[in-house]
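Note sheet for the following structure.
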Ligand code: HEM
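Numbering (this note's numbering), first residue to last: 8 to 323.
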């Protein structure tokens, strides 16, 4: 019999019941099947783990971890410009297709998104963690909910702290989960307002918290003439490894986004950045706790949601 775990989210009156091995009787191979799909997709395309991790973040922050980000159609979350650079949908779809063959109507897309991100972290060298399952898929997905709930790189620390806190996440969680930027990539437009290039190609640093040599390197990769689809790796040294390099980069003034650099500039978070930069185990321990909280945000259980037959549309 599965153990029920009460998961408290930011709303004091809300207790959501997820459980370890929720599918132990109904679909014992569920986690294994998701895992294999993520493993094989990641082995042919090294950009997949980053995409899956960011997909979870954008799912959980808008309407809770309920796969609302996957729904297609006019005016859904997925159609919002803040979500157009998301990826990994096809991996979720292929895991779902396989699960529908072996365990029809049983495993939610919301659980697949959470498990896939968990596995993506492990496959890139991050900590292996157990997460509870039993999330139900939401029926609401609205583009107008995206902007107010997603962090932008231009956010001040106070704005980031407030948004995280509205999701039940602490200052520690903010520093820890930002460590996701140890993998994955970003479009030039996410950071090229931090420097300016004049007509002679001379660089002017607008954000002086950025290391000059790093800024030059970024400018080389993202000249004014760069295609809008051009991306650079978030962590230039170990782009595809989930490690504590992100924090070492921050200490070296090489945070890619303004919002990354802010974690080192701000007195409230600098010490934690330094600790993680020196001690990967401490980052991993913290990651395991914060990831559990992230994947539990406003989850839907029982009649609050459904198990979709296809992840991109609600059941009729
Ligand atoms: C704290 C504030 C955060 C801000 C402002 C932020 C912003 C961004 C931006 C602008 C990108 C680049 C998107 C692109 O241009 O394609 C990005 C990438 C990414 N973010 Fe964040 N993010 C934040 C926190 C998080 C969190 C909490 C997670 C996960 C738990 C996360 C996971 C990722 C990943 C994995 C990528 C790489 C995506 C890929 O390779 O396709 N981020 N983030």
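For each residue, glycine too, the CB sits at the ideal point set by N, CA and C.
Span separating the alpha-carbon of residue i from that of residue j
{"i": "residue 34", "j": "residue 91", "result": "33 Å"}
{"i": "residue 109", "j": "residue 103", "result": "10 Å"}
{"i": "residue 63", "j": "residue 223", "result": "32 Å"}
{"i": "residue 315", "j": "residue 152", "result": "21 Å"}
{"i": "residue 286", "j": "residue 183", "result": "13 Å"}
{"i": "residue 179", "j": "residue 95", "result": "27 Å"}
{"i": "residue 115", "j": "residue 304", "result": "16 Å"}
{"i": "residue 339", "j": "residue 291", "result": "Since the displayed the chain opens at 8 and closes at 323, residue 339 lies outside it and no answer follows."}
{"i": "residue 81", "j": "residue 159", "result": "23 Å"}
{"i": "residue 79", "j": "residue 231", "result": "33 Å"}
{"i": "residue 171", "j": "residue 266", "result": "13 Å"}
{"i": "residue 194", "j": "residue 29", "result": "38 Å"}
{"i": "residue 218", "j": "residue 202", "result": "11 Å"}
{"i": "residue 313", "j": "residue 36", "result": "20 Å"}
{"i": "residue 296", "j": "residue 187", "result": "14 Å"}
{"i": "residue 93", "j": "residue 205", "result": "32 Å"}
{"i": "residue 32", "j": "residue 113", "result": "11 Å"}
{"i": "residue 167", "j": "residue 274", "result": "15 Å"}
{"i": "residue 213", "j": "residue 323", "result": "51 Å"}
{"i": "residue 311", "j": "residue 77", "result": "17 Å"}
{"i": "residue 111", "j": "residue 38", "result": "15 Å"}
{"i": "residue 46", "j": "residue 211", "result": "43 Å"}
{"i": "residue 17", "j": "residue 207", "result": "Because the pLDDT at residue 17 is just 45, under 50, the model does not fix this residue reliably, and the point stays unresolved."}
{"i": "residue 185", "j": "residue 87", "result": "22 Å"}
{"i": "residue 50", "j": "residue 282", "result": "32 Å"}
Residue nearest to residue i in terms of C-alpha spacing, selected from the options
{"i": "residue 302", "options": "175, 57, 133, 111", "result": "175"}
{"i": "residue 198", "options": "138, 209, 261, 74", "result": "261"}
{"i": "residue 85", "options": "244, 185, 149", "result": "149"}
{"i": "residue 298", "options": "138, 31, 132", "result": "138"}
{"i": "residue 319", "options": "147, 252, 275", "result": "147"}
{"i": "residue 244", "options": "97, 304, 75, 254", "result": "254"}
{"i": "residue 235", "options": "300, 252, 196, 82", "result": "196"}
{"i": "residue 40", "options": "293, 101, 51, 185", "result": "101"}
{"i": "residue 294", "options": "213, 128, 211, 31", "result": "128"}
{"i": "residue 48", "options": "167, 97, 112, 226", "result": "97"}
{"i": "residue 200", "options": "185, 208, 226, 209", "result": "226"}
Cutoff 8 Å; reference residue i; Cβ partners in own chain excluding five residues on either side
{"i": "residue 308", "result": "23, 24, 25, 141, 142, 143"}
{"i": "residue 42", "result": "122, 126"}
{"i": "residue 300", "result": "175, 176, 180"}
{"i": "residue 119", "result": "41, 74, 99, 102, 103, 106, 318"}
{"i": "residue 370", "result": "Nothing about residue 370 can be read from this structure; the chain reaches only from 8 to 323."}
{"i": "residue 284", "result": "251, 254, 255, 257, 258"}
Any non-hydrogen atom of the ligand HEM closer than 7 Å to residue i Cβ
{"i": "residue 241", "result": "yes"}
{"i": "residue 58", "result": "yes"}
{"i": "residue 257", "result": "no"}
{"i": "residue 190", "result": "yes"}
{"i": "residue 212", "result": "no"}
{"i": "residue 160", "result": "yes"}
{"i": "residue 49", "result": "no"}
{"i": "residue 94", "result": "yes"}
{"i": "residue 303", "result": "no"}
{"i": "residue 185", "result": "yes"}
{"i": "residue 181", "result": "yes"}
{"i": "residue 75", "result": "no"}
{"i": "residue 277", "result": "no"}
{"i": "residue 226", "result": "no"}
{"i": "residue 2", "result": "Any property of residue 2 remains undetermined from this structure, which presents the chain solely from 8 to 323."}
{"i": "residue 164", "result": "no"}
{"i": "residue 266", "result": "yes"}
{"i": "residue 61", "result": "yes"}
{"i": "residue 54", "result": "yes"}
{"i": "residue 121", "result": "no"}
{"i": "residue 117", "result": "no"}
{"i": "residue 167", "result": "yes"}
{"i": "residue 197", "result": "yes"}
{"i": "residue 284", "result": "no"}
{"i": "residue 194", "result": "yes"}
Contacting residues, own chain, Cβ-Cβ under 6 Å from residue i (five flanking each side not counted)
{"i": "residue 269", "result": "164"}
{"i": "residue 228", "result": "239"}
{"i": "residue 124", "result": "59, 60, 63"}
{"i": "residue 117", "result": "72, 73, 74, 142, 144"}
{"i": "residue 156", "result": "68, 69"}
{"i": "residue 21", "result": "Bear in mind that the predicted position of residue 21 carries a pLDDT of just 36, short of 50, making it too unreliable to give a figure here."}
Close beta carbons around residue i, own chain, < 7 Å, minus the five adjacent residues each side
{"i": "residue 131", "result": "56, 190, 247, 248, 249"}
{"i": "residue 271", "result": "257, 258, 262, 277, 280"}
{"i": "residue 53", "result": "247"}
{"i": "residue 75", "result": "66, 69, 84, 145, 147, 148"}
{"i": "residue 252", "result": "189, 242, 244, 245"}
Contact test: residue i Cβ vs the ligand NAP heavy atom, cutoff 7 Å
{"i": "residue 132", "result": "Of the ligands this structure carries, namely the ligand HEM, none is the ligand NAP."}
Residue i at chain D interface by Cβ criterion, 8 Å
{"i": "residue 24", "result": "This model lacks chain D altogether, as it is built from one protein chain only."}
What ranges does the alpha helix (DSSP H) occupy inside the segment 34 to 121, keeping only unbroken runs of at least 4 residues that lie completely in it?
Taken in chain order, the unbroken stretches of alpha helix (DSSP H) that lie wholly in the segment 34 to 121 and span 4 residues or more are 37 to 51, 55 to 68, 96 to 109.
Write down every uninterrupted run of the beta strand (DSSP E) in the segment 216 to 252 whose length is 3 residues or greater and which is fully enclosed by it, in chain order.
238 to 240
Any beta strand (DSSP E) of 3 or more consecutive residues that is wholly inside the segment 191 to 217
192 to 194, 202 to 204, 210 to 212
Give the list of continuous alpha helix (DSSP H) stretches no shorter than 4 residues that lie fully inside the segment 156 to 183.
164 to 173
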